[in-house]
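Read the structure below first, then the notes.
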Amino acid sequence: MRMFSVSHKTVFVVDHCPYMTESSRQQIECDMLTKSRAQGVIPLAPVSKSLWTCAVECSMEYCRILYDIYPTRKLVNYIVSDSEFHILNSWRQEDQSVQELMTALAAVGPPNPREDPECCSILHGLVAAVESLCKITEYQHEARTALVDLADRVANRGRIICLTNAKSDTHVRMLEDCVLETIQEQNKLAAGSDRLMPIQQCELVLVHIYPQGDDTLVSDRPKKEISSVLSSEVHSVRAGRHLASKLNVLVQQHFDLASTTITNIPMKEEQHANTSANYDVELLHHRDAHMEFIKSGFSGVSFTTRCQKDKGDLHMAGSTSRDSGLKETVTLKWCTPRTNSVELHYCTGAYRISPVEVNSRPSSCLTNFLLNGIFTFTPSEIIVISHMLSCHGGEIFLHMLNSTRSTLEDPPSISEGCGGRVTDYRITDFGEFMRENRLTPFADMSLDAAGRPPIERAKAQLERHTRYWPMIISQTTIFNMQAVVPLANLIVKDTMTEDDVLTCQKTVYNLVDMERKNDPLPISTVGSRGKGPKRDEQYRIMWNELETLVKTHVGTSERHQQVLECIIACRSKPPEEEERKKRGRKREDKEDKTEKNGKELEEKMWTQDSDRLKGAMEREKEDQSESEVIKDSPDSPEPFNKKPRLATEEIQPLEKSKGPVSLFSLWTNRITQANSRKHQEFAGRINSVNNKAELYQHLKDENGLDVHENGKATR
Amino acid sequence: MPTVVLMDASLSMTRPVSLEGSEEFQRKNLAVHGLTMLFEHMAMNYRLEFTALVAFSSLWELMVPFTRDYNALQEALSNLEDFDKTCLELALQGVSTIMQQEWGSACPCQLVLVTDGALGIGRGSLRHSLATLKQRGEDKKFPLPFPFPCKLYIMCISNAEELQTTDAMDNLEQLLILSGGEGQIFTMEGPLCLKSVQAMFGKLIEQAYMPFHAVLRCGHLTSDVQVFPRPEPVMIDEEVDPVPKHVLTELEIVGFIEIADIASPPVLSRHLVLPIAVNKEADEVGAGTTDEMEEDTSTNQMAGKSPNFCVLLHGSLKVEGMVALVQLGPDWYGMLYSQADSKKKSNLMMSLFEPGPEPLPWLGKVSQLGPISDAPENPYGEDDSKSPFPVQPKSKRSYAQNVTVWIKASGLQTDVQKILRNARKLPEKTQTFYKELNRLRKAALAFGFWELLKGVAELLERECTLLPDSAHPDAAFQLSHAAQQLKLASTGDSQYAAFEHNITPMLTDFSGGGGGSDRL
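Residue numbers (the numbering used here), protein chains in the order written: chain B, 1 to 715; chain H, 1001 to 1520.
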């Protein structure tokens, strides 16, 4: 729907002239005597509403439905007219509520029957209505500001609903002419103003109200174009019930609403608590919630049968008409949900609802049930065949569920695709990561020191938390160690406190302690043969990984830097590295400089890291020739059951990645990798252990000797 | 988005195309050649698409119902027989029925109409159908526009010049407009030969059947993915913002939300997110779906064994019962979640929300969603016992507050009865009595219904006289006080008729409790 259609702005102009005090002659008995007290008491005379009261309460009902279904963006301006006009509210969003209007109406009060009828006219109000339509709304202003040069795309259209008691058809024509004239005048004025907009289209809806029992002096007339800007329609309605149903029909037409009646809702009776009777409740909502029915109705495909086939016991009846064809409503049968579980339904639309009779017992029973559902954890959702009623934060929505065959049925399972054969994903850890990165709403315009809105801060946090995040268990040591958790949690923070640094340092000392005591590490033996790396080698790998993690955060703040320094100071360096360090002192100085730059270093870390990954991938590639037992599900990580490999091979690629990678070696690696894909690898090399292939294996096999095959001890 | 291939099997399709030297082709052969190319492409790169084949002449026949078995489609195509004259209207009617029977009336579809541009003669010809468009009853409406959204691709086995010699081109253009304007008419360029039919179908593939590749990103964790079906561009407001929005090829995760909090949100469309292996050296992309061609098996196996972020994400979303909020473009978001197809199979699925800053009222503005670490205290509680969602709207809806509506007499009667019921139970029900009284008073003042105020005042006065001897003395005081206040309000006197004013219980010696009853 277009944002700035006619329904963006509605002006109510209600006649407040003396003749509106006339009674509607619809009598209401409000003294309902109970039988026991009836004796000897004279009942009170029935009361009756004035034309004014009828007009006001029906227009309030129109607004109630409108605000329920469109809490924003559809605006009402309420004007009453007697010897002058009174504007009761503005276009501003905060003025848009029934409460606001009721307060203003109470201040105005009913028309004064003693006022001079000659001075009073609905014309004052109509002129004010046109002027009001020219006033720019905050939404129009916002859209115009956003579009700058294309501001003329923002249209100015509106509707005037005039509730009055006209004298004759000629009188009606006079009113129309007056509106048209005023529009033309105001448009000229508006063309030269920034705060006003010329009216492009205006719909005038004249509702002539007359007391019951009188003959109407004004005839109904369907919508007709009076000029290119103005169209007009006339409704001649008796006050009371008829006026109410007329305005109900109008609000549906004006805002594309449709009606759904939910039938057979079981409700407990007050008197008989253990029995329940069935009630019907009629709801209004946007008509798109009936899309499926409307369309299938047109094309003659029977929806009922489809529903029965797909959904078993649920079924829906077709549309029925009531109120002598005036009102169409789709009837849906109530169905209490069977399960309590939280499910993600495929929902193609959700539409706010408004009950037609908001304070009738069945209506309020249903809405209270839904509203309170979220607090008591009783099922708050009720599946009504193809639809579901659900409450979100005090608002009830009619969800349209998809009930047809899905075009996405029978897709390949995720375990069959890329990465589907890997079994040791850090599912639980990533779950924890997701919990830490859950979102929460912040107040409007809450920017941080850097001027970032909350969503950008959320992205920044994800970036920080994933700078070093190995996806599988066998790729990491530190994340498998409980001892590292405090540091790993703190180092990703944007700002660290002095205490945080202390905690990190403690973690590091603790690790040093572990190393001194020669505690075993949960190092992965995947891809390594034999017993895996020696203890001191394990610690070296662990320290390297820890350093990698911390280095990615070193640029964040001075304190992050302190943690890295602590690690570098505490970790034991293998002898050959010490040596190299001496040799490379000069180069390290250079690195120190870049470290301050932070970002550059980060990039370097990534190259090194990706090399490491590449190494791991190459190892995987080699693995592939071996037949392994592969678990299908990625959800059940089983990391440690892979075949061990010789330790030496594990270390070598790591060693290589230690130093800076030259452009040449990067390039040769790339070329070799690319080339290796183009030819089939020698069987010997594939089966080689540590790049040494054993020859004449079959001889040994035949001899039944205990030999090494593929690096694996066989019998 | 399922595809229906509507193949013209009329006699005119058997017209030979004149070619020098080479063997003789019929137009039908060219059409089959083009469709073969399309089917081969789909089998390779778009194999999750459901496709049906319908042949038509004066009648229509569903040759192959919706399937992903492209061999079956191919086979049916090669066994296609020749029939009589062209009657497009009936065939379109058939397509409409087939589509709705299978997919309902909301599922968008692509219709590939293959014809030579000879659109029939006399009754049942397209020309005749279009000419009589306006003279039809409800039951004999022209099938276009379809009830479901449809993109119409018209593949003409003929060149534009030939079509323009007759009114065929005009008729086809009119047909395209009738169907809603989405789609295109393709004609062959140059001589009618295999090469030009390939070029034409190549254009169709380019436009409608190119797989959508994107990078799924969560901070530094990334995965190359195919999104199926292709996300369609979306138009928000054709007047203010007439440029359709496209889903970016970089899908950035912005955070995570519990399934209960996102609460079955309305979505524009759903898509599978399939991880793919991208061979960067060769700069070509292999589809990540399962049973690939033989030669791809090895690369696939390798891809299966290297860790992929999608699989990790899917696993954790499934285990934790959460969704990932993903940014699709400026002010456009969607969600990623695990969707189970059966007990064993599940998949990473992406749903697109309506574009805009606030697609779901219960989440509030998406730009205002931030990390929980920024909140003064964890909004989910230390033990995950609470949730910051749903976001409460600024104002309550009518059904969530005690509104007064007297449109029906019963509404008014109930409200008056409530007051009287409480009046009879004074002083126990003093609070409720005044609450109901004030509610009625407010509504009566707003509606200018002063007569009612007088009426209720009289009722209360009468109740006062009817009080039994056993009644508490406070009841009489409160009743006459209330009646008096209502009468004052009904005069419209600004001192008593102010809307915000509330009638408060009269302070009597009894209202404090039993203590001072003897000081009357």
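Ideal Cβ positions, reconstructed from N, Cα and C, are used throughout, including at glycine.
Ignore the nearest five residues each way along the sequence and tell me which others in residue 297/B's own chain have a CB closer than 6 Å to its CB.
-> The sequence position of residue 297/B within the first sequence is 297, counting from 1. Low per-residue confidence applies at residue 297/B: pLDDT is 48, beneath 50, and the placement is therefore not dependable, though the value from the model is reported in the following sentence. Annotation for residue 297/B: no residue places its beta carbon closer than 6 Å to its own, counting only its chain and skipping 5 residues before and after.
Other residues of its chain near residue 547/B: CB distance less than 8 Å, five sequence neighbours each side excluded = One-based indexing of the first sequence puts residue 547/B at position 547. Closer than 8 Å at Cβ, skipping near neighbours: 564, 567, 568, 571.
Is residue 70/B helix, strand or coil by DSSP?
-> On the first sequence, position 70 is the one that residue 70/B refers to. Residue state, collapsed to three classes: coil.
Reduced DSSP category for residue 1333/H - H, G, I as helix; E, B as strand; rest coil | Residue numbering aside, residue 1333/H sits at position 333 when the second sequence is read from its first letter. Secondary structure at residue 1333/H: strand, using DSSP grouped into helix, strand and coil.
Less than 8 Å between the CB atoms is what I'm expecting for residue 1450/H and residue 1457/H, so what's the real figure, rounded?
-> Residue numbering aside, residue 1450/H sits at position 450 when the second sequence is read from its first letter. Residue numbering aside, residue 1457/H sits at position 457 when the second sequence is read from its first letter. Going by Cβ atoms, the distance from residue 1450/H to residue 1457/H rounds to 11 Å, so no, they are not a contact pair.
Does the stretch 466-480 of chain B come close enough to the stretch 423-430 of chain B that 3 or more CB-CB pairs lie under 8 Å?
-> Yes: at least three Cβ pairs fall under 8 Å.
State buried or exposed for residue 1127/H, treating a residue as buried only when at least 16 other CB atoms are found within 10 Å of its CB.
-> Looking up residue 1127/H in the second sequence gives position 127. Around the CB of residue 1127/H, 16 or more other CB atoms lie within 10 Å, so the residue is classed as buried.
With DSSP collapsed to three states, give me the class of residue 678/B.
-> Taking the first residue of the first sequence as position 1, residue 678/B is located at position 678. Reduced to three states, the DSSP call for residue 678/B is helix.
Using a Cβ-Cβ cut-off of less than 8 Å, give me the residues of the stretch 1206-1221 of chain H that come near chain B, in sequence order.
-> From the stretch 1206-1221 of chain H, only 1218, 1219, 1220, 1221 have a Cβ closer than 8 Å to chain B.
Cα-Cα separation between residue 1284/H and residue 1331/H, rounded to whole angstroms | On the second sequence, residue 1284/H is found 284 positions in, with the first residue counted as 1. On the second sequence, residue 1331/H is found 331 positions in, with the first residue counted as 1. Confidence is the limiting factor: at residue 1284/H the pLDDT is only 42, short of 50, which leaves the residue's position unreliable, though a coordinate-based value still follows. When rounded, the distance between both Cα atoms is 31 Å.
Would you list, in chain order, the members of the stretch 1174-1191 of chain H that have their beta-carbon closer than 9 Å to a beta-carbon of chain B?
-> Against chain B - using a Cβ distance shorter than 9 Å - the stretch 1174-1191 of chain H contributes no residues.
Does the separation of the CB atoms of residue 1216/H and residue 1310/H fall below 8 Å?
-> For the purposes of this step, residue 1216/H is taken as residue 216 along the second sequence, with counting starting at 1. For the purposes of this step, residue 1310/H is taken as residue 310 along the second sequence, with counting starting at 1. Closer than 8 Å, so yes.
Euclidean distance between Cα positions of residue 254/B and residue 7/B | On the first sequence, residue 254/B is found 254 positions in, with the first residue counted as 1. On the first sequence, residue 7/B is found 7 positions in, with the first residue counted as 1. About 7 Å.
Taking Cβ-Cβ distances shorter than 7 Å, what residues in chain H pair up with residue 52/B?
-> Here residue 52/B is taken as the residue at index 52 of the first sequence, counted from 1. Correct list: 1448.
CA-CA distance, residue 1100/H and residue 404/B?
-> Translated into the one-based positions of the second sequence, residue 1100/H becomes position 100. Translated into the one-based positions of the first sequence, residue 404/B becomes position 404. Rounded to whole angstroms, residue 1100/H to residue 404/B spans 9 Å at the Cα level.
If we call anything under 8 Å between Cβ atoms a contact, is residue 1058/H one with residue 1085/H?
-> Within the second sequence, the letter at position 58 stands for residue 1058/H. Within the second sequence, the letter at position 85 stands for residue 1085/H. Going by beta carbons, residue 1058/H and residue 1085/H fall inside the 8 Å limit.
For residue 1394/H, collect the residues of the same chain with a Cβ closer than 6 Å to its Cβ; drop the 5 residues on either side in sequence, then sort them by chain order.
-> Taking the second sequence and counting its residues from 1, the one referred to as residue 1394/H is at position 394. Excluding sequence positions up to five before and after residue 1394/H, its CB lies less than 6 Å from no other CB in the same chain.
Specify the secondary structure class of residue 1362/H as computed by DSSP and reduced to three states.
-> On the second sequence, position 362 is the one that residue 1362/H refers to. Residue 1362/H: coil per DSSP, three-state reduction.
Between residue 24/B and the rest of its own chain, which residues show a CB-CB distance below 7 Å, the 5 nearest in sequence each way excluded?
-> The residue you call residue 24/B lines up with position 24 of the first sequence. Within the same chain, and ignoring the five residues on either side of residue 24/B in sequence, the residues whose Cβ sits closer than 7 Å to its Cβ are 48, 49, 50, 51, 54, 211, 212, 239, 240.
Could you tell me which residues DSSP puts in a beta bridge with residue 162/B?
-> Along the first sequence, read from residue 1 onward, the residue named residue 162/B stands at position 162. Bridge partners of residue 162/B: 13/B, 206/B.
Within the 8 Å Cβ cut-off, does residue 1406/H reach chain B?
-> Residue numbering aside, residue 1406/H sits at position 406 when the second sequence is read from its first letter. Residue-level contact by beta carbon holds for residue 1406/H and chain B, with a gap shorter than 8 Å.
Looking only at its own chain, which residues have a Cβ that is under 8 Å from the Cβ of residue 1002/H, when we skip the five neighbours before and after it?
-> Numbered from 1 along the second sequence, position 2 holds the residue referred to as residue 1002/H. Beyond the five residues adjoining it in sequence on each side, residue 1002/H comes within less than 8 Å, by CB distance, of 1049, 1050, 1051, 1052, 1066, 1099, 1102, 1103, 1107, 1109, 1110 in the same chain, given in chain order.
Once you ignore the five residues that flank residue 3/B on each side, which residues in its own chain have a CB closer than 6 Å to its CB?
-> Translated into the one-based positions of the first sequence, residue 3/B becomes position 3. For residue 3/B, same chain residues with a beta-carbon under 6 Å away, outside a window of 5 residues either side, do not exist.
From the DSSP output, read off the bridge partner residues of residue 1215/H.
-> Here residue 1215/H is taken as the residue at index 215 of the second sequence, counted from 1. Answer by DSSP bridge pairing, in chain order: 1224/H, 1250/H.
Taking the beta strand (DSSP E) that residue 766/B falls in, what are its first and last residues?
-> Past the boundaries of the shown model lies residue 766/B; chain B is included only from 1 to 715, so the question cannot be answered.
Quick one: which residues of the stretch 1339-1365 of chain H get their C-beta closer than 9 Å to a C-beta of chain B? List them in chain order.
-> Correct list: 1339, 1341, 1342, 1344, 1345, 1346, 1347, 1348, 1349, 1351, 1360, 1361, 1362, 1363, 1364, 1365.
Would you identify the three-state DSSP class for residue 1050/H, choosing helix, strand or coil?
-> Translated into the one-based positions of the second sequence, residue 1050/H becomes position 50. Reduced to three states, the DSSP call for residue 1050/H is coil.
Taking Cβ positions, are residue 1268/H and residue 1382/H nearer each other than 8 Å?
-> Counting from one through the second sequence, the residue named residue 1268/H turns up at place 268. Counting from one through the second sequence, the residue named residue 1382/H turns up at place 382. No, Cβ-Cβ distance for residue 1268/H and residue 1382/H is not below 8 Å.
If you scan the stretch 1391-1459 of chain H from start to end, which runs of the alpha helix (DSSP H) of 4 or more residues do you find wholly inside it?
-> Complete alpha helix (DSSP H) runs here, min 4: 1409-1423, 1430-1446.
For residue 1320/H and chain B, any beta-carbon pair shorter than 8 Å?
-> Along the second sequence, one-based indexing puts residue 1320/H at 320. Yes, because at least one Cβ of chain B sits closer than 8 Å to the Cβ of residue 1320/H.
Out of curiosity, what's the CA-to-CA distance linking residue 395/B and residue 444/B?
-> Here the question's residue 395/B lines up with position 395 in the first sequence. Here the question's residue 444/B lines up with position 444 in the first sequence. Straight-line Cα distance between these residues: approximately 21 Å.
Would you check if there are 3 or more beta carbon pairs closer than 8 Å linking the stretch 1396-1405 of chain H to the stretch 350-361 of chain B?
-> Of all C-beta pairs linking the stretch 1396-1405 of chain H to the stretch 350-361 of chain B, three or more are shorter than 8 Å, placing the two stretches in contact.
Contact check, residue 130/B vs residue 179/B under 8 Å by CB: the rounded distance?
-> Position 130 of the first sequence holds residue 130/B. Position 179 of the first sequence holds residue 179/B. About 6 Å separates the Cβ atoms of residue 130/B and residue 179/B, confirming a contact at the 8 Å cut-off.
Please state whether DSSP places residue 324/B in a helix, a strand or coil.
-> Within the first sequence, the letter at position 324 stands for residue 324/B. Note that residue 324/B scores 33 on pLDDT, short of 50, meaning its location in the model is unreliable and no value can be drawn from it.
Sequence-distant residues of the same chain with beta carbon closer than 8 Å to residue 1434/H, five excluded per side | Counted from its first residue, the second sequence places residue 1434/H at position 434. Contacts found: 1482, 1502, 1503, 1504, 1505.
Does the ligand MN have a heavy atom nearer than 7 Å to the CB of residue 695/B?
-> Inclusion of the ligand MN in the displayed structure is not the case, the ligand content being empty and no account of it being possible.
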